[in-house]
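S.K.: Numbering (my numbering), first residue to last: 1 to 136.
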DNA sequence: GCCAACGTTGGC
DNA sequence: GCCAACGTTGGC
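1. Sorted by chain position, which residues of the same chain lie with C-beta nearer than 6 angstroms to residue 30's C-beta, five sequence neighbours on each side aside?
2. CB residue 64 to CB residue 49, shorter than 8 angstroms?
3. Quick one: what's residue 10 bridged to in DSSP?
4. So for residue 42, helix, strand or coil by DSSP?
5. Taking only the alpha-carbon atoms, compute the straight-line gap between residue 18 and residue 135 and give it to the nearest angstrom.
6. Between residue 113 and residue 102, which are expected to be in contact by the criterion C-beta below 8 angstroms, what is the C-beta distance as a whole number of angstroms?
7. Look at the Cβ atom of residue 59, then the Cβ atom of residue 105, and state whether they are nearer than 8 angstroms.
8. Would you give the residue range spanned by the alpha helix (DSSP H) that residue 18 belongs to?
9. Grouping DSSP H, G and I as helix and E and B as strand, with all else coil, what is residue 114?
10. At what residues does the alpha helix (DSSP H) containing residue 98 begin and finish?
11. Hey, out of 32, 22, 45 and 54, whose CA is closest to residue 10's CA?
12. Quick check: the Cα distance between residue 32 and residue 24, rounded to an integer number of angstroms?
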């Protein structure tokens, strides 16, 4: 099974990479956008997920992994919304800023740039690897 | 603080 | 079903 690649966004003031490392694992809930929900639903066990801080110093800061696939979001009244569980794998040595991503021609078409409001998005392996490499 | 993008709501 | 108004997200 091919491991697939994703990116999730969070405002660090709400839940940061540091919080995820401290917790060791978290429930990725509260998603209330259909496109983002569909992406959560498509995640498979072991998929790699980039963790992106939005708003304040926007940047990709770490890599995490799907440890539980989609199940009904406990924070939603409507069972149509889903959550997944994520655990941290490792921090990037250097955060890869949104500005750096936008400056990279090979990354100009990723959803992070194209669809700034989407909070859960797929990444092609090449784009994922390139961001990770920039963070090395 | 401002603005653009986009989703939702509600009047017709 | 259309569209204007409004709210939210997120970059700058």
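Glycine included, C-beta positions come from ideal geometry on N, C-alpha and C.
M.R.: Taking the definition as stated:
1. As a working note, residue 30 is residue 30 in the first chain. Cβ within range, chain order: 75.
2. What you label residue 64 is simply residue 64 of the first chain in a count that begins at 1. What you label residue 49 is simply residue 49 of the first chain in a count that begins at 1. Yes, the pair counts as a contact, with Cβ atoms nearer than the cut-off.
3. On the first chain, position 10 is the one that residue 10 refers to. BP columns for residue 10 point to 53.
4. Within the first chain, numbered from 1, the residue matching residue 42 stands at position 42. Residue state, collapsed to three classes: helix.
5. For the purposes of this step, residue 18 is identified with residue 18 of the first chain, where counting begins at 1. For the purposes of this step, residue 135 is identified with residue 135 of the first chain, where counting begins at 1. When rounded, the distance between both Cα atoms is 17 angstroms.
6. Position 113 of the first chain holds residue 113. Position 102 of the first chain holds residue 102. With a Cβ gap of about 6 angstroms, residue 113 and residue 102 count as contacting.
7. In the first chain, residue 59 corresponds to position 59, counting from 1. In the first chain, residue 105 corresponds to position 105, counting from 1. No. Outside cutoff.
8. The residue given as residue 18 occupies position 18 in the first chain. Unbroken alpha helix (DSSP H) run through residue 18: 17-23.
9. The sequence position of residue 114 within the first chain is 114, counting from 1. If DSSP states are grouped into helix, strand and coil, residue 114 belongs with the helices.
10. The residue given as residue 98 occupies position 98 in the first chain. Per DSSP, residue 98 belongs to the alpha helix (DSSP H) from 98-103.
11. Here residue 10 corresponds to residue number 10 of the first chain, with the count starting at 1. The shortest Cα separation from residue 10 among 32, 22, 45 and 54 belongs to 54.
12. By one-based count along the first chain, residue 32 stands at place 32. By one-based count along the first chain, residue 24 stands at place 24. The straight-line gap separating the alpha-carbon atoms of residue 32 and residue 24 is approximately 24 angstroms.
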